[in-house]
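Here is the structure we will look at.
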Amino acid sequence: MSNLVLEAKNISKSFTDGKTTVEVIKNLSLEVKKGEFVSIVGSSGSGKSTLLHVLGGLDCPTAGQVFLNGKRFDNLGEAERGYLRNQHLGFVYQFHHLLPEFTALENVAMPLMLRAGTTYKQSKEQAEYLLNRVGLSHRMTHKPGELSGGERQRVALARALVAKPELMLADEPTGNLDRKTAVKIFELLSELRDEFNMAMLIVTHDEQLAQTADSILHMQDGVWIDG
1 MSNLVLEAKN
11 ISKSFTDGKT
21 TVEVIKNLSL
31 EVKKGEFVSI
41 VGSSGSGKST
51 LLHVLGGLDC
61 PTAGQVFLNG
71 KRFDNLGEAE
81 RGYLRNQHLG
91 FVYQFHHLLP
101 EFTALENVAM
111 PLMLRAGTTY
121 KQSKEQAEYL
131 LNRVGLSHRM
141 THKPGELSGG
151 ERQRVALARA
161 LVAKPELMLA
171 DEPTGNLDRK
181 TAVKIFELLS
191 ELRDEFNMAM
201 LIVTHDEQLA
211 QTADSILHMQ
221 DGVWIDG
């Protein structure tokens, strides 16, 4: 049985605007093993976020293949990809993307509430556990507008973990935070990765934070380069 949770083979992604075609990702391959922490480092515009969207099934590659737990992922319909994302993947973004009309508890519980066979009580209990785990047991009933930037990002982290994913994909998860808060969020990510025994793939421009990963890939203009 394969030890790979995610595998990309020779993927490319291009966008066409009128008569102009821009190739953002150029024939990239990578592997993420179960429990492994991989960081992708690159400056803004290097293609990191586009790559993460393709790997997470939020977008389809122009060429190449993506496998999740050994199953071809990129060629599935949108509904099937959405189902597999909910079952196996967690996402954290630079901007938290929380729903403003819902409380922290409701935001965190939502991915589980969307799962067939999961009761509201089970979803609520798991959400409460995660919010307590990220230090927000006293802020569960607050809405995003009532939370600080660091608190909102911790809610987003709890939401990404509530379904116990095998792989977390994070896009500049500390890029919108001050340095002290960023370090705390990164330390929390590492602790929760160990607790949930999950793999983690993070894209960042922060070399210092990326150094804690098991392996580092450097990206520039849509290709891998030597670090």
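Every letter in the sequence shown is one number past the one before it in full-length UniProt numbering, and letter 80, counting from 1, is 80. We put the CB at the ideal spot given by N, CA and C, even for glycine.
DSSP-derived helix/strand/coil call for residue 31: strand
Candidates 179, 185, 123, of which the one nearest residue 164 by Cα: 123
Length of the line joining the Cα atoms of residue 1 and residue 71: At residue 1 the pLDDT is 49, less than 50, meaning the model places this residue with poor confidence; the figure from the coordinates comes in the next sentence. Between residue 1 and residue 71, the C-alpha separation is close to 12 Å.
Straight-line gap, residue 196 to residue 19 (C-alpha atoms, nearest Å): 47 Å
For residue 37, the three-state DSSP class (helix, strand or coil): strand
Supposed contact pair residue 4 and residue 32 - C-beta distance, whole angstroms, cut 8 Å: 7 Å
Exposed unless 16 or more other CB atoms sit within 10 angstroms - verdict on residue 162: buried
Environment of residue 90 [buried if 16+ CB atoms lie within 10 Å]: buried
Unbroken beta strand (DSSP E) run spanning residue 91, endpoints: 89–93
Whole beta strand (DSSP E) elements within the stretch 55–129, 3-residue minimum: 63–68, 89–93
Residues near residue 118 in its chain [Cβ-Cβ closer than 6 Å; skip 5 each side]: 112
From 193, 58, 16, 29, residue whose alpha carbon lies closest to that of residue 222: 29
Span of the beta strand (DSSP E) around residue 223: 223–225
Backbone CA spacing between residue 214 and residue 39 [nearest angstrom]: 8 Å
Residue 46 (DSSP reduced to helix, strand or coil): coil
Straight-line gap, residue 115 to residue 86 (C-alpha atoms, nearest Å): 8 Å
Residues near residue 54 in its chain [Cβ-Cβ closer than 8 Å; skip 5 each side]: 8, 11, 13, 25, 60, 61, 66, 74
Residues near residue 99 in its chain [Cβ-Cβ closer than 7 Å; skip 5 each side]: 107
Contacting residues, own chain, Cβ-Cβ under 8 Å from residue 46 (five flanking each side not counted): 219, 220, 221, 222
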